[in-house]
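Chemist: Protein chains in written order, with the working numbering: chain A, 606 to 774; chain B, 154 to 471.
First the structure, then my questions, so here it is.
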């Protein structure tokens, strides 16, 4: 067993883990934060997306021990039922889901996507590498690592666009 | 996943030494490819050496006017670097054509060079695969080979190199800088870094046991229009069937490198020399020696058409 210290949603936690434990399993099985979902467990579906040190990653494809001392934000840390994060609220308003299984990953990813655009990180559909700006095409491309089996994509795009509009104002 | 022991390396020297001294040890950086393969027990390391905190995450100018990219620079950061975007656009373009946003946030420059093939027979442990299990045969040769390589292949292996980034690195004549277990440093031209399968497809690079990549250097920027065109089954988040990295100069010269078709990132002097003659000539030169199956023979015309599309785009710009 290896000791691992994480700050999850602002709370410091100390764990003793088999080094094989993925960050996803540490969150779900050890910390009982079951908001983050296991879909494919191979980095293909995005259901396990969390924000580590300010960046979205697939928590299934990383070992918890590799993140000793780091900050992790999961869907539970973005907002609460009483005080939803603007992205959570927008997903509700725009009906950005059906079964909801992929939603925590979609929302964590979406929050980071807007930050990546703001930071000037280019994408495959960015025409001019020097001018990175919000567009629906940018959102579609940047969200391609989050699969929705119910195909709520158009409403997910509407939700993200809504939040992007609010953040511009 | 098979059990393994874990350590976090504190210096490059210590990491290299540990890797050479423990049988079955592997470095782990982003882990996006290695952990996937470990879950499938295609990779079964006995010991993991975490190199994430070695500080090899800087991008700096070299004295020769080029760029030195730390081995641990994440794909997202490399694609977004202002110098890379301005002077090595083809590299930014290739990076953002690969994987997903989440994976690019984790995947590293060195790890990307070392990522393993996505051949379906390599990924299925019930199938024969000379790369995964030397001497077991190749399931792909007479199997489903649509996505696989047509250049640099052998009777033992027709696996394709999956990287987009490495194709741009090949186009830019990058050098891979390493440190050996005994502390020796060397710089390997990317053309020599990846091995062709021959009879030993399990040997993929010239790296020795314990040798660790410390950085990748780029020579001075190459002027011209930098483009990366990737053809794939989906618009996003899929491996290339064919990709072309190119730099078109103002004088009609151009250079080309290809992904999705080679056992390694593919580039030939003959293709570059044919640049002024157009897409057909370049494709013919690049595809010299190609060996296809009935499933992947479509890649020949696809290479030519992808090039033709780039030429048309280039003419429209002029």
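Positions of the beta carbon are idealized from the N, C-alpha and C atoms, including for glycine.
Remember, predicted model here, so these are calculated numbers, not experimental data.
Could you name the residues of chain B that residue 646 of chain A contacts, counting a contact when the two beta carbons are closer than 8 Å?
Modeler: Residue 646 of chain A sits at position 41 when you count from the first residue of the first chain. Going along chain B in sequence order, the residues near residue 646 of chain A (Cβ under 8 Å) are 192.
Chemist: Got a sec? Which residues, its chain only, sit under 7 Å from residue 296 of chain B by beta carbon, not counting five neighbours each side?
Modeler: Here residue 296 of chain B is taken as the residue at index 143 of the second chain, counted from 1. So the list reads 274, once near-sequence residues are dropped.
Chemist: Output yes if chain B places a C-beta closer than 7 Å to the C-beta of residue 773 of chain A; else output no.
Modeler: Start at 1 with the first residue of the first chain, and residue 773 of chain A comes out as number 168. In this prediction, residue 773 of chain A has a pLDDT of 42, which is less than 50 and means its spatial position is unreliable; what the coordinates show is noted afterwards. No, residue 773 of chain A does not count as interfacial toward chain B.
Chemist: Tell me the rounded alpha-carbon separation between residue 386 of chain B and residue 416 of chain B.
Modeler: Along the second chain, one-based indexing puts residue 386 of chain B at 233. Along the second chain, one-based indexing puts residue 416 of chain B at 263. When rounded, the distance between both Cα atoms is 20 Å.
Chemist: Which residue's Cα is closest to the Cα of residue 194 of chain B: B/186, B/447, B/154, B/179?
Modeler: Walking along the second chain from the start, residue 194 of chain B turns up at place 41. Here the closest residue by C-alpha is B/154.
Chemist: Can you pull the chain B neighbours of residue 632 of chain A, defined as C-beta to C-beta under 7 Å?
Modeler: Residue mapping note: residue 632 of chain A aligns to position 27 of the first chain, counting from 1. Neighbours of residue 632 of chain A on chain B: none; closest Cβ ~15 Å, over 7 Å.
Chemist: Can you say whether residue 300 of chain B is buried or exposed, counting buried as having 16 or more other CB atoms within 10 angstroms of its CB?
Modeler: Locating residue 300 of chain B in the second chain gives position 147, counting from the first residue. It counts as buried.
Chemist: What are the partner residues of residue 297 of chain B, as DSSP defines its beta bridges?
Modeler: Taking the second chain and counting its residues from 1, the one referred to as residue 297 of chain B is at position 144. Bridge partners of residue 297 of chain B: none, in fact.
Chemist: Ignoring anything shorter than 4 residues or poking outside the stretch 229-284 of chain B, list the alpha helix (DSSP H) runs there in chain order.
Modeler: Listed in chain order, they are 235-240, 242-250, 254-259, 262-267, 273-276.
Chemist: I'd like the list of long-range same chain contacts for residue 368 of chain B, defined as Cβ closer than 7 Å, with 5 residues on each side in sequence excluded.
Modeler: Start at 1 with the first residue of the second chain, and residue 368 of chain B comes out as number 215. Taken in chain order, the residues that qualify are 209, 221, 222, 223, 224, 330.
Chemist: In the DSSP assignment, what residue or residues form a beta bridge with residue 213 of chain B?
Modeler: In the second chain, counting from the first residue as 1, residue 213 of chain B sits at position 60. B/221.
Chemist: By the three-class DSSP mapping on this structure, what secondary structure does residue 774 of chain A have?
Modeler: Numbered from 1 along the first chain, position 169 holds the residue referred to as residue 774 of chain A. At residue 774 of chain A, the pLDDT of 39 sits below 50, so the modelled position is not reliable; the number obtained from the coordinates is stated separately. Reduced to three states, the DSSP call for residue 774 of chain A is coil.
Chemist: Distance check for residue 425 of chain B and residue 772 of chain A, CA to CA, integer angstroms please.
Modeler: As a working note, residue 772 of chain A is residue 167 in the first chain. As a working note, residue 425 of chain B is residue 272 in the second chain. Any reading at residue 772 of chain A is ruled out, since the residue's pLDDT is 45, under 50, leaving its predicted position unreliable.
Chemist: Which residues, in chain order, does the stretch 655-680 of chain A contribute to contact with chain B at a C-beta distance below 7 Å?
Modeler: Within the stretch 655-680 of chain A, the residues whose Cβ lies closer than 7 Å to some Cβ of chain B are 660, 661, 662, 663, 666, 667, 668, 670, 671, listed in chain order.
Chemist: State the Cα-Cα distance for the pair residue 218 of chain B and residue 695 of chain A, rounded to the nearest angstrom.
Modeler: The count along the second chain starts at 1 and reaches residue 218 of chain B at position 65. The count along the first chain starts at 1 and reaches residue 695 of chain A at position 90. So the two alpha carbons sit approximately 48 Å from each other.
Chemist: Quick one: does residue 258 of chain B have its CB under 7 Å from some CB of chain A?
Modeler: As a working note, residue 258 of chain B is residue 105 in the second chain. It does: the Cβ of residue 258 of chain B has a partner Cβ on chain A nearer than 7 Å.
Chemist: On the three-state DSSP scale, how would you describe residue 716 of chain A?
Modeler: To locate residue 716 of chain A, count along the first chain from 1; it is residue 111. If DSSP states are grouped into helix, strand and coil, residue 716 of chain A belongs with the helices.
Chemist: Counting only the same chain and skipping the five closest in sequence on each side, list residues whose C-beta sits under 6 Å from that of residue 383 of chain B.
Modeler: Looking up residue 383 of chain B in the second chain gives position 230. So the qualifying residues of the chain are 250, 393, 396.
Chemist: I want to verify the contact list: residues of chain A whose CB lies under 8 Å from the CB of residue 189 of chain B, in sequence order.
Modeler: Locating residue 189 of chain B in the second chain gives position 36, counting from the first residue. Correct list: 647, 648, 666.
Chemist: Given residue 328 of chain B, which residues of its chain have a CB within under 6 Å of its CB, disregarding the five upstream and five downstream residues?
Modeler: As a position in the second chain, residue 328 of chain B is number 175, starting the count at 1. Contacts found: 340, 342, 370.
Chemist: Quick one: using the 10 Å Cβ neighbour count with 16 as the cut-off for buried, is residue 365 of chain B buried or exposed?
Modeler: The sequence position of residue 365 of chain B within the second chain is 212, counting from 1. Buried is the call here.
Chemist: Nearest to residue 442 of chain B by alpha carbon, out of B/348, B/307, B/356?
Modeler: Position 289 of the second chain holds residue 442 of chain B. Nearest option by C-alpha distance: B/307.
Chemist: So with Cβ pairs under 7 Å, would you call residue 382 of chain B a contact of chain A?
Modeler: As a first step, residue 382 of chain B must be located in the second chain, where it is residue number 229. Not an interface residue.
Chemist: Please list, in chain order, the chain A residues whose beta carbon lies closer than 8 Å to that of residue 157 of chain B.
Modeler: Along the second chain, one-based indexing puts residue 157 of chain B at 4. Residues of chain A passing the Cβ test: 624, 625.
Chemist: With distances taken Cα to Cα, identify the nearest neighbour of residue 678 of chain A among A/704, A/645, A/756, A/636.
Modeler: Position 73 of the first chain, counted from the first residue, corresponds to residue 678 of chain A. Looking at the Cα atoms, A/636 is the closest of the given residues.
Chemist: Measure the C-alpha to C-alpha separation of residue 380 of chain B and residue 464 of chain B and round it to an integer number of angstroms.
Modeler: Locating residue 380 of chain B in the second chain gives position 227, where the first residue counts as 1. Locating residue 464 of chain B in the second chain gives position 311, where the first residue counts as 1. Approximately 11 Å, taken between the alpha carbons.
Chemist: Give the interface partners of residue 734 of chain A over in chain B, defined as CB-CB distance under 7 Å, in chain order.
Modeler: In the first chain, counting from the first residue as 1, residue 734 of chain A sits at position 129. Neighbours of residue 734 of chain A on chain B, chain order: 238, 242, 245.
Chemist: List the residues of chain A whose Cβ lies closer than 9 Å to the Cβ of residue 203 of chain B, in chain order.
Modeler: Locating residue 203 of chain B in the second chain gives position 50, where the first residue counts as 1. Going along chain A in sequence order, the residues near residue 203 of chain B (Cβ under 9 Å) are 668, 670, 671.
Chemist: Tell me, please, whether the CB atom of residue 727 of chain A is closer than 7 Å to any CB atom in chain B?
Modeler: To locate residue 727 of chain A, count along the first chain from 1; it is residue 122. Chain B contact via Cβ: present.
Chemist: Within 10 angstroms of its Cβ, does residue 290 of chain B collect 16 or more other Cβ (buried), or is it exposed?
Modeler: For the purposes of this step, residue 290 of chain B is taken as the residue at position 137 of the second chain. Flag for residue 290 of chain B reads exposed.
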